[in-house]
Amino acid sequence: MCVVVDANRASVVLGGPVPDDYKPVIDWISRRGGRLVYGGSKFKQELARVRAAALLVQNWRSRGLAIEIAEAEIAAELTVVETIGYGSDDPHVIALVRASGARTVVTGDADLMLDLTNPRLVSRPRAKIYRSPGHGPLLAHTVSCGVLSGQRRRRT
Ligand SMILES: [Zn+2]
Numbered sequence: 230m231c232v233v234v235d236a237n238r239a240s241v242v243l244g245g246p247v248p249d250d251y252k253p254v255i256d257w258i259s260r261r262g263g264r265l266v267y268g269g270s271k272f273k274q275e276l277a278r279v280r281a282a283a284l285l286v287q288n289w290r291s292r293g294l295a296i297e298i299a300e301a302e303i304a305a306e307l308t309v310v311e312t313i314g315y316g317s318d319d320p321h322v323i324a325l326v327r328a329s330g331a332r333t334v335v336t337g338d339a340d341l342m343l344d345l346t347n348p349r350l351v352s353r354p355r356a357k358i359y360r361s362p363g364h365g366p367l368l369a370h371t372v373s374c375g376v377l378s379g380q381r382r383r384r385t
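Okay, here's the thing in structure tokens:
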């Protein structure tokens, strides 16, 4: 569902104080019906490292605004991603996007952007990259994330 934050950006986006570039992301999740989707050991290691980020995600989680995708679901998609082939060093983010249905990703990694916008790796709908406030319109639910259709995904 919704928005995925690359582990490499997690401390900057979630650890506060939030840079102007990412304020729309925090605002969308906190106040405007958005959701963070997260999972995977790399992201969780970042949360363990940056206390403010861990507390924010915990708060969102308690309000249903952050959804953790099960490790097994990510691992299953990772197998598919490895079969298709990828160029970045972040196949877990691609797997998380595929497993969750989230299609907006906050990242500054050019290789990961290429992978995420490769329709063989992510499609229906294609992924969008959030980098700056001008990308605010990308902060939205999609048919793939289940929120628009009223479906509820399994939570961990
Ligand atoms: Zn959504």
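For the sequence shown, my numbering gives the first residue as 230, with consecutive numbering after it.
Beta carbons are placed, not taken as given, at the ideal position from N, Cα and C, and that holds for glycine.
message: What does the Cβ neighbour count give for Val326, buried or exposed, with the cut at 16 atoms within 10 Å?
response: buried
Any 3 or more C-beta pairs closer than 8 Å across the stretch 266-280 and the stretch 315-330: yes
task: State the DSSP-derived secondary structure class of Ala299, mapped to helix, strand or coil.
output: coil
message: Whole angstroms are fine: how far does the CA of Arg278 sit from the CA of Cys231?
response: 24 Å
message: Short of 6 Å in beta carbon distance, which residues of its chain neighbour Leu345, apart from the five on each side in sequence? Order them along the chain.
response: Val334, Val351 and Ala356
- request: Pick helix, strand or coil for Asp249, following the three-state DSSP scheme.
  value: helix
message: In the DSSP output, which residue or residues are listed as bridge partners for Thr333?
response: Val232 and Lys357
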